[in-house]
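Under full-length UniProt numbering, the sequence shown has 126 at position 126, and the numbering climbs by one with no breaks.
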Amino acid sequence: MATVHATTMAPTKLELLTGWLPRQPWYRGTGTPELSRAGGFRLDDPAGEVGIELMLVTDGSGAEARTYFVPVTYRGAALDEAADGLVGTSEHGVLGTRWIYDAEHDPVATAQLLAFVAGAVEAQHQSRSDTRDPTVGRSWSGDGEPRTVKLVRVPEPGQPGTATGAVEVDWTRPDGSAARGVVAVVR
């Protein structure tokens, strides 16, 4: 299981996402986002090289707060084939420079998300080392192994999965209440 370091990152994840998020076609806000953490989980890279964090963040800058699913990966070197998905770089207090990618562009993250849906790996707590997160739900009713995943970037509370497989998570709304919905559909 991956170690979650209690350290600093400069710039922080939310600072990087504040600049990156408005450039995404699925972003529904206007202007500069005001981001806060809303939930998430981690998946382990079996090789121990790539950090995989599947975050939910809430943008409170508009008239109505909106939650986004922004899974990212952390790497110790640039991944040329994922250049289009580069969120930015950050200095990690323990590990040094990290290249942070939108996980949709990272083959390790995609493989681990499919393995999670298939039941081959477990979801890990977002901020605690060596701790499973049993609240992350998965379903798979297909024949064989899941092959493709589509991220639900703007999840809606209570929206049931209609695909052959799905990943469901909890997040916290700006008013402090809990929400749960699908963040990925799998076929």
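Glycine is no exception: its CB is placed at the ideal position from the N, C-alpha and C atoms.
In terms of alpha-carbon separation, which member of A10, A103 and A63 lies closest to F69? A103
K150 bridges to which residues according to DSSP? V185
Is the separation between the beta-carbon of R187 and that of T135 shorter than 8 Å? no
For the alpha helix (DSSP H) that residue 189 lies in, which residues bound it at each end? The structure shown does not extend to residue 189, since the chain is modelled only from 1 through 187, so no value can be given for it.
CA-to-CA distance, D44 to A115, given in whole angstroms: 11 Å
Counting only runs that start and end within the UniProt domain "Maltokinase N-terminal cap" (20-106), where is the beta strand (DSSP E) found for 3 or more residues in a row? 35-43, 51-59, 66-75, 86-92 and 96-102
Since V182 contacts E168 with CB under 8 Å, what's their CB separation in whole angstroms? 5 Å
Taking P33 and P22 to be in contact with their CB atoms under 8 Å, please state how far apart those CB atoms are, rounded to whole angstroms. 6 Å
Three-state secondary structure (DSSP) of E156: coil
Contact set for residue 201: own chain, Cβ-Cβ below 7 Å, skip 5 residues either direction: Because residue 201 is not part of the residues shown, which for the chain are 1 to 187, the question remains open.
By DSSP, does Q126 sit in helix, in strand, or in coil? coil
Reduced DSSP category for A115 - H, G, I as helix; E, B as strand; rest coil: helix
Can you tell which of P46, T58 and P146 has the C-alpha that lies nearest to the C-alpha of A38? T58
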